[in-house]
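A.B. asks: Can you keep this structure in mind? I'll have questions shortly.
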Amino acid sequence: MKRFIIVFMSIVLPGVFAIAQNQVIHIKNPSFESNPTPGGINGFLLPDWHDCAPYYFNDETAPDIHGNGTNIFDVKTKPQEGNTFLGMVTRAKRDSWEMVSQQLTSPLVKGKCYEFSIHLARSNIYNSNVDAKDPKKHNFNSPIKLRIWGSTSPCKKTQLLAQTDLIENNEWKKFTLRFKPKRNYYFIMLEAFFKTPVLFPYNGNILLDNASDIVEVPCPGDELLAKIDISDPEPVKTIKTYKKPVIKTSVPKKHETKKTEPKKSNNPEVIVKNKPKESGNSDTSQKKKILKKLDKDKITTGQTIKIENLFFEADSSNIKPESYPVLDEIYDFLKNNPNVIIEIGGHTNDIPGTDYCNRLSTARAKKVAEYLYHKGIPKYRIKYKGYGKKQPLVNNRTAWGRKQNQRVEIKILRIG
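To convert, count from 1 in the sequence shown and add 18; that's the working numbering.
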């Protein structure tokens, strides 16, 4: 029996854990490495990439491979990564454009969300003849865009997954795109295209280099940070006890009004007595303390404190209003202890890709810091940093564990 269990675990569990991890689709030859070559009619020598233009246009040249100081078509841009990069154009005279595709190492799955980044640029000079019959060179330098297609076969345009704005920058710039396929796709196509809507075709160019893997990310509406229920019931109780005498005193009968007078006079007195104690920014004296560890007499240098009751919009760094009580509590602490310096650290679980986690955790930590800056805490007293998924508190294999790892923390850098 024991032997059967061991064999079962060794066969089944690795597969279960693999399914639980986010999907990563590796792009082959992501920096378009090959020998620098101007595109020709007779072939396209770029490993792992396929020229799709012949499927749509007759007698058009393939995309160009630039780099290594060759200055093909007077393009002097240097590679962003590696030794070469890809150049694609659109053509006015022939109303045509260039595109390449690649078979994916694993399919894009219907209904899942993905993120893909690539470095793009435009060359101010891209001198090329229009076709073999016209030796005159034209400057293909107008801005065009990149479109990304999901395909069921090498060059079939099945679904337009994402597209950039017009690429006008001459220096390399990283563009990150997100998309959600409507069916399973086994190929991806990168297409150079005109400004849309297309009023007329024109000569343009786009340079491509250093593409990322395609990484599964949470779809919009999936929270990346845990929502912890607010555990402070006192404000609710105060509101309820205040409303009861108002309802009773609305009864017109005199004898009933007299009976409710003692209750009517007691509750408003409690509320009025609390109001003078408000600081004008936040009132923590009459509320249950949320961050009990955030106490000058208890904190130590290097200590980290998880910020409870902190809520963000789904897949965003926008702070929800329900978070203000705990943020105001932090503000009051810093205001009353002017020598304390802290760091706000953002953390995520391991579901999204590394780059996505780093960016989101940094953005959320920054938002918390900015809230405190705007309330008057000097910037030198609050640092912020995104740790992504590098510092989990517990194992990420369970939903409970992932919620524990999704957090924003205070780190005490200096006390006095």
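No residue lacks a Cβ here, since even glycine has one placed at the ideal position from N, Cα and C.
Predicted model, so just to flag it, every value in this text is computed and none were measured.
Excluding the 5 residues preceding and the 5 following Ile362 in the sequence, name in chain order all residues of the same chain whose CB lies nearer than 6 Å to its CB.
C.D. replies: By one-based count along the sequence shown, residue 362 stands at place 344. Taken in chain order, the residues that qualify are Ala383, Val386, Ala387, Tyr402.
A.B. asks: Excluding the five sequence neighbours on either side, which residues of its own chain have a C-beta within less than 7 Å of the C-beta of Glu331, listed in chain order?
C.D. replies: If you number the sequence shown from 1, residue 331 lands on position 313. Around Glu331: Lys338.
A.B. asks: Going by beta carbon distance, what residues of the same chain come within less than 7 Å of Ile143, once the five residues before and after it are set aside?
C.D. replies: Counted from its first residue, the sequence shown places residue 143 at position 125. Contacts found: Asp92, Val93, Asn157, Asn159.
A.B. asks: Which residues mark the beginning and the end of the beta strand (DSSP E) in which Pro125 is found?
C.D. replies: Translated into the one-based positions of the sequence shown, residue 125 becomes position 107. From DSSP, the beta strand (DSSP E) with Pro125 extends over 117-126.
A.B. asks: When the Cα atoms are used, what is the spatial distance from Leu138 to Val344?
C.D. replies: To locate residue 138, count along the sequence shown from 1; it is residue 120. To locate residue 344, count along the sequence shown from 1; it is residue 326. Leu138 and Val344: Cα-Cα distance of roughly 42 Å.
A.B. asks: Going by beta-carbon coordinates alone, are Ile224 and Ile162 separated by less than 7 Å?
C.D. replies: On the sequence shown, position 206 is the one that residue 224 refers to. On the sequence shown, position 144 is the one that residue 162 refers to. Closer than 7 Å, so yes.
A.B. asks: Kindly indicate which three-state DSSP category Asp373 falls into: helix, strand or coil?
C.D. replies: In the sequence shown, the residue the question calls residue 373 occupies position 355. Helix at Asp373.
A.B. asks: Hey, out of Asn76, Phe75, Tyr74, His68, whose CA is closest to Asp82's CA?
C.D. replies: In the sequence shown, the residue the question calls residue 82 occupies position 64. Taking only the C-alpha atoms, the option nearest Asp82 is His68.
A.B. asks: Going by the beta-carbon positions, is the gap between Gly61 and Thr79 smaller than 7 Å?
C.D. replies: One-based indexing of the sequence shown puts residue 61 at position 43. One-based indexing of the sequence shown puts residue 79 at position 61. No, the pair does not count as a contact, with Cβ atoms beyond the cut-off.
A.B. asks: Is Ile136 near Phe193, with beta carbons less than 7 Å apart?
C.D. replies: Looking up residue 136 in the sequence shown gives position 118. Looking up residue 193 in the sequence shown gives position 175. Yes, the Cβ-Cβ distance between Ile136 and Phe193 is below 7 Å.
A.B. asks: Smallest Cα separation from Val238: which of Lys198, Ile185, Arg432, Thr55?
C.D. replies: Counted from its first residue, the sequence shown places residue 238 at position 220. Going by the sequence as given, residue 238 is Pro instead of Val. When each option's Cα is compared against that of Pro238, the closest is Lys198.
A.B. asks: Our contact map puts Ile323 next to Glu427 with C-beta atoms below 8 Å; I'd like the distance itself, whole angstroms only.
C.D. replies: To locate residue 323, count along the sequence shown from 1; it is residue 305. To locate residue 427, count along the sequence shown from 1; it is residue 409. Correct: roughly 6 Å between the Cβ atoms.
A.B. asks: Give the DSSP bridge partners of Cys70, in chain order.
C.D. replies: Position 52 of the sequence shown, counting from 1, holds the residue named residue 70. Its beta-bridge partners do not exist; DSSP assigns none.
A.B. asks: By a C-beta neighbour count over all protein chains shown, 10 Å radius and 16 as the cutoff for buried, is Gly434 buried or exposed?
C.D. replies: Walking along the sequence shown from the start, residue 434 turns up at place 416. Looking at its Cβ environment, which holds fewer than 16 other Cβ atoms inside 10 Å, Gly434 is exposed.
A.B. asks: The beta strand (DSSP E) spanning Trp167 covers which residue range?
C.D. replies: For the purposes of this step, residue 167 is taken as residue 149 along the sequence shown, with counting starting at 1. 163-169 is the extent of the beta strand (DSSP E) around Trp167.
A.B. asks: Tell me the rounded alpha-carbon separation between Gly320 and Asn228.
C.D. replies: Numbered from 1 along the sequence shown, position 302 holds the residue referred to as residue 320. Numbered from 1 along the sequence shown, position 210 holds the residue referred to as residue 228. Distance between the alpha carbons of Gly320 and Asn228: 39 Å.
A.B. asks: Distance, Cα to Cα, Lys310 vs Lys353?
C.D. replies: Translated into the one-based positions of the sequence shown, residue 310 becomes position 292. Translated into the one-based positions of the sequence shown, residue 353 becomes position 335. So the two alpha carbons sit approximately 17 Å from each other.
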